[in-house]
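Taking it in order: structure first as structure tokens, then the write-up.
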Amino acid sequence: MIERFPHPCNSCGYCCLIQVCPIGLSIFGGEKYRPCPALEWQGTQSRCGVVEKAKGTPHEEMVKQAFGIDTGCCIKARVRDVHGNMHDFASLPDEVKISLTQRYKAGGITTIQRVKK
Ligand code: SF4
Ligand code: SF4
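Those letters in the sequence shown? Residues 30 to 146, per our numbering, in order.
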């Protein structure tokens with residue numbers, strides 16, 4: 030059964046920007062903690078190039094299931110606000126996730142912490 034997460038995914042792209050997922054690692058190899066080579070952008074919306082390539086093929090549903098597409102925001106990361114309070118990244122409002130991701134992408138912030146699983 031596919032695990033479902035309590036907060037929706039808004040395709041902010043943060044997860045794939047900070048580390049390559051296990052499937053990506055098996056395809057591309059290399060370092061885990063780096064932007065994934067399959068990560069694609071349309072403005073502030075991210076897409077997985079591997080999932081995109083599978084669209085319209087007989088493998089589309091299998092690939093989507095393998096990547097947990099439509100199961101919610103799976104990231105384990107915390108963000109410290111200006112008052113020093115910690116927040117679960119997955120629970121943040123969509124616009125905040127997108128804003129933080131774009132700032133991180135531009136090199137403007139480095140303070141989001143991964144939470145070890
Ligand atoms: S960090 Fe969460 S909301 Fe953003 S793309 Fe990854 S799973 Fe989706
Ligand atoms: S872009 Fe695709 S392959 Fe790369 S980390 Fe994200 S989900 Fe995995």
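Cβ atoms here follow ideal geometry from the backbone N, Cα and C, with glycine treated the same way. Quantities reported herein were computed from a predicted structural model and do not represent experimental measurements.
Determine the extent of the beta strand (DSSP E) in which residue i is found, giving its start and end residues.
i	result
Ser75	Gln74 to Cys77
Gln71	Leu68 to Gln71
Cutting at 6 Å between CB atoms, please list the residues of its own chain near residue i, excluding the five before and the five after it.
i	result
Cys41	Lys126, Ile127 and Thr130
Cys44	Ile104
When burial is assigned at 16 or more other CB atoms within 10 Å of the CB, is residue i buried or exposed?
i	result
Tyr62	exposed
Ser120	exposed
Give every residue of the same chain whose Cβ lies closer than 7 Å to the Cβ of residue i, excluding the five residues on either side of it in the sequence, and list them in chain order.
i	result
Asp123	Asn39
Thr73	Ile127 and Gln131
Val80	Val92, Lys93, Phe96 and Ile98
Leu54	Lys61
Mind checking which residues open and close the alpha helix (DSSP H) that includes residue i?
i	result
Pro51	Pro51 to Phe57
Cys45	Tyr43 to Ile47
Judging by CA-CA distance, which residue of the options is the nearest neighbour of residue i?
i	options	result
Cys50	Tyr133, Cys77 and His36	Cys77
Tyr133	Leu54, Pro64 and Glu60	Pro64
Gly136	Pro37, His36, Ile47 and Glu89	Ile47
Exercise for review: Just list the alpha helix (DSSP H) runs in the stretch 97 to 139, keeping only unbroken ones of 4 residues or longer that don't cross its boundaries, in chain order.
Suggested key: 123 to 134
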